[in-house]
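Numbering (the working numbering), first residue to last: -17 to 599.
For reference, the structure is listed below as structure tokens.
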Amino acid sequence: MSASTDGPRDEARTPWAPFYGATPMADGRTCFRLWAPSARRVMLECEGMSPQPMDPVGEGGFELELECPPQAAYRYRVFVGDDQDGMPVPDPASRALRGGVDGASLLVDRNHEWRHGDWTGRPWEETVIYEVHLGACGGIDGLRRRLPALVELGITAIELMPAAECPGQHNWGYDGVQPYAVASYYGSPETLKALVDEVHGHGLMIFLDLVYNHFGPDGNFLPHYAESFFREDLQTPWGGAIDFRRPQVRRFFIDNALMWLLEYRFDGLRFDAVHAISERDFLVELGQTLRERVGSTRHCHLILENENNQASLLAPDLFDAQWADDWHNVMHVLLTDEHEGYYADFVENATTKLATAMAEGFVYQGQRSRKGEARGEPSGHLPPTAFVNFLQNHDQIGNRALGERLSRLSEPDALDAATLLLLLSPAIPLLFMGEEWGSRRPFLFFTDHRDDLADAVREGRRREFADFSAFKDPAQRERIPDPNAASTFAASQLDDQEAAMPEHRDYRARFATWLALRHRFIVPRLSGCHALGARVLGDKAVEAAWQMGDGQVLTAAINLSLGPVGLGLRGDPLACSRPDITDSLGGGQLPARASAVWLGPADAKRVADDVAGAPHS
-17 MSASTDGPRD EARTPWAPFY GATPMADGRT CFRLWAPSAR RVMLECEGMS PQPMDPVGEG
43 GFELELECPP QAAYRYRVFV GDDQDGMPVP DPASRALRGG VDGASLLVDR NHEWRHGDWT
103 GRPWEETVIY EVHLGACGGI DGLRRRLPAL VELGITAIEL MPAAECPGQH NWGYDGVQPY
163 AVASYYGSPE TLKALVDEVH GHGLMIFLDL VYNHFGPDGN FLPHYAESFF REDLQTPWGG
223 AIDFRRPQVR RFFIDNALMW LLEYRFDGLR FDAVHAISER DFLVELGQTL RERVGSTRHC
283 HLILENENNQ ASLLAPDLFD AQWADDWHNV MHVLLTDEHE GYYADFVENA TTKLATAMAE
343 GFVYQGQRSR KGEARGEPSG HLPPTAFVNF LQNHDQIGNR ALGERLSRLS EPDALDAATL
403 LLLLSPAIPL LFMGEEWGSR RPFLFFTDHR DDLADAVREG RRREFADFSA FKDPAQRERI
463 PDPNAASTFA ASQLDDQEAA MPEHRDYRAR FATWLALRHR FIVPRLSGCH ALGARVLGDK
523 AVEAAWQMGD GQVLTAAINL SLGPVGLGLR GDPLACSRPD ITDSLGGGQL PARASAVWLG
583 PADAKRVADD VAGAPHS
């Protein structure tokens, strides 16, 4: 950590600018570039100037170099077909907007005087992620106030839900139509850079969630003047798929990712739902390009959300890790006994599936799901750090009809047992904001759409749950909060008064203790770690072991059943989920709703013998 005012080092110091959008030039002019293959001509309308025709440059591209007033507003007027008036549209690569997603684009000053310009990040093995929705934690200022407490807790990386411009004044961020623009309700590009700088000053990394699988329904003008940006022959849950076969589309998104890494200096990116991107080779190109361009002098961490469980994408020259939905889903089933929706795939042989997840990362490695579709690739060869484990995140809470956290759904001792496993297993742990103090406030799905779209979102949200037993009755579905209501957003805010209550302070202290153990005993041994295997101890009870990089063996056992299970005799645990179980552990039993973790060389031969050949998948 340093207060140097030097610029970024080595590769990051090389000049770079995205191809599309409004790019400042060395001579003081601005180069405007737009891909509009459906348009016959395009005019640039810049504040304080007369409209200027843009030059067609082939393959649907239009360009213009112009001397513009600083921080001027601008937009494009696109002429499609026989339209003589044209349609005014914002730049799809806007850095900022005035007046929302269908307003005017703004020229912005891209310089920032970095206070921590020599920050190079932290190794992946040190990562403990804290997922945050900026709006629900009080905005950028609210997150800044929380930074010292997050350091004290043991967090090493903050992951922001998408911060790009979305319709209205609050949104989860996944309805974005302006992937280059900072949401105006969070602040300016300069404000976001200052946040990144301050996060680095606390010795923390900061990641950003990016959505490249679709555009939101409000303010998306691309289909009008760039129809071939999308595919008609391939649909996603959000409409026609983005056509990543086209080099212009690939460059638009790869440059966007580079902007966040090089210009804003985020330490890593998480790519949302890439299973909705049909071109695997685009993901390969994306990972390789980002690695090459960022270079080796900075830590750059790339994470996927991918229902396809493509283990082949998790490689040193591609992506570091994947969100481990399988681990979460089976753990959620064991904690709550829920069995509807996507949890249905994890109900049968749930304990065995947990053993597979603990030993190999993915549960589905080519097997067929309840829908009859085979998904996944073998993953047992991957290091445990190729998986980001979590008990809760924005999806797993907010996609519930009523947004309940596990603090309201599971028995406290069982949740503690699962939490210990999360924090002291070798996989990278992720916490969702408020989880560390056991918040009982909901995190709901919220948007800020207008008119007919607002009605459609509300009713569509309620229809989603019509097949769930709790909401088959239409009157019960009326209980599902309206995503567009101001009260829905307000109910999802973090509550600092709740966090200050004695029982929640105690809860947080337990998290801090366990994370301190992780940083002291597990993180230094993660490089070279590999799984030895896992075995079923009984109903809802599993033991797994890993050989750490220094040869020691880490063993974790969890029992979520209502009765004890036999473990065999062993030494003192590194940690256990409840202090009152140490006598039982000494007698070779793991009590109900409890977990424990051991670290030491003496267990290596015994554990290897125990788990060798034990069926768990």
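We put the CB at the ideal spot given by N, CA and C, even for glycine.
What do you get for residue i, buried or exposed, if any count of 16 or more other CB atoms within 10 angstroms of its CB means buried?
i, result
"Gln479", "exposed"
"Ser278", "exposed"
"Asn93", "exposed"
"Gly158", "buried"
"Gly40", "exposed"
"Arg15", "buried"
"Ser308", "It should be pointed out that residue 308 corresponds to Asp in this sequence rather than to Ser. The residue is buried, with at least 16 neighbouring Cβ atoms inside 10 Å."
"Arg390", "exposed"
"Glu95", "exposed"
"His501", "exposed"
"Glu441", "exposed"
"Ala118", "buried"
"Gly354", "exposed"
"Asp449", "exposed"
"Glu417", "buried"
"Glu342", "buried"
"Lys522", "buried"
"Lys454", "exposed"
"Leu216", "exposed"
"Arg432", "exposed"
From residue i to residue j, what does the alpha carbon distance come to, in whole angstroms?
i, j, result
"Leu132", "Val256", "29 Å"
"Ala467", "Leu116", "18 Å"
"Asn195", "Asn381", "18 Å"
"Leu384", "Leu426", "7 Å"
"Arg280", "Ala399", "36 Å"
"Leu135", "Arg490", "8 Å"
"Asp200", "Arg232", "23 Å"
"Trp106", "Ala498", "17 Å"
"Ser577", "Ile540", "4 Å"
"Phe234", "Arg461", "41 Å"
"Gly155", "Arg387", "20 Å"
"Gln347", "Arg57", "48 Å"
"Pro365", "Ala513", "8 Å"
"Ser166", "Tyr246", "16 Å"
"Tyr112", "Phe61", "46 Å"
"Gly43", "Arg228", "13 Å"
"Pro6", "Glu49", "10 Å"
"Leu687", "Cys558", "This structure cannot speak to residue 687, because the chain is shown only from -17 to 599."
"Trp101", "Arg459", "50 Å"
"Asp67", "Arg127", "50 Å"
"Ala457", "Leu129", "43 Å"
"Trp580", "Gly169", "47 Å"
"Asp283", "Met25", "In the sequence under discussion, the amino acid at residue 283 is His, which differs from the Asp named in the question. In a straight line, the C-alpha of His283 is about 40 Å away from that of Met25."
"Gly185", "Asp123", "18 Å"
"Arg23", "Val71", "13 Å"
"Leu519", "Gly550", "11 Å"
"Gln349", "Val329", "15 Å"
"Ile236", "Phe264", "9 Å"
"Ala482", "Gln374", "21 Å"
"Gly595", "Pro573", "Caution is warranted here: a pLDDT of 49 is assigned to Gly595, below 50, making its placement in the model unreliable, and no coordinate value can be reported."
"Glu(-7)", "Gly570", "Note that Glu(-7) scores 41 on pLDDT, short of 50, meaning its location in the model is unreliable; the coordinates nonetheless yield the value given after this. About 55 Å."
Using DSSP bridges, identify the partner residues of residue i.
i, result
"Trp305", "Val370"
"Tyr56", "Cys28, Ser87"
"Thr218", "Gly221"
"Val524", "Val518, Ile540"
"Val164", "Ala146"
"Glu47", "Cys13"
"Asp37", "Glu45"
"His512", "Gln529"
"Gly3", "Arg15"
"Pro70", "Arg59"
What I want to know is whether the C-beta of residue i ends up closer than 7 Å to one or more non-hydrogen atoms of the ligand GDP.
i, result
"Asp488", "Because no ligand of any kind appears in the structure shown, any question about the ligand GDP cannot be addressed here."
Closer than 8 Å is the cut-off here; do at least three beta carbon pairs connect the stretch 33 to 49 with the stretch 63 to 80? no
Alpha helix (DSSP H) segments (min. 4 residues) lying fully within the stretch 411 to 460: 433 to 446, 456 to 459
Would you call the stretch 282 to 293 and the stretch 244 to 256 touching, i.e. three or more CB-CB distances under 8 Å? A contact exists between the stretch 282 to 293 and the stretch 244 to 256.
Which runs of the beta strand (DSSP E) at least 3 residues long sit entirely within the stretch 268 to 348? Give them in chain order. When DSSP assignments are scanned along the stretch 268 to 348, the uninterrupted stretches of beta strand (DSSP E) that are 3 or more residues long and fall wholly within it turn out to be 283 to 286, 303 to 305.
Taking one C-beta from the stretch 392 to 406 and one from the stretch 428 to 436 each time, how about it: are there three or more such pairs within less than 8 Å? No, the stretch 392 to 406 is not in contact with the stretch 428 to 436.
What are the uninterrupted segments assigned as alpha helix (DSSP H) that are 4 or more residues long and contained completely in the stretch 455 to 500, given in chain order? 456 to 459, 468 to 473, 478 to 481, 484 to 499
Would you call the stretch 309 to 319 and the stretch 335 to 345 touching, i.e. three or more CB-CB distances under 8 Å? yes
Pairs of beta-carbons, one from the stretch 207 to 220 and one from the stretch 261 to 278, closer than 8 Å: are there three or more? Because the criterion of three Cβ pairs below 8 Å is not met, the stretch 207 to 220 and the stretch 261 to 278 do not touch.
Which full runs of the beta strand (DSSP E) of 3+ residues lie inside the stretch 180 to 248, going along the chain? DSSP runs (the beta strand (DSSP E)) wholly in the stretch 180 to 248: 187 to 192, 212 to 218, 221 to 224.
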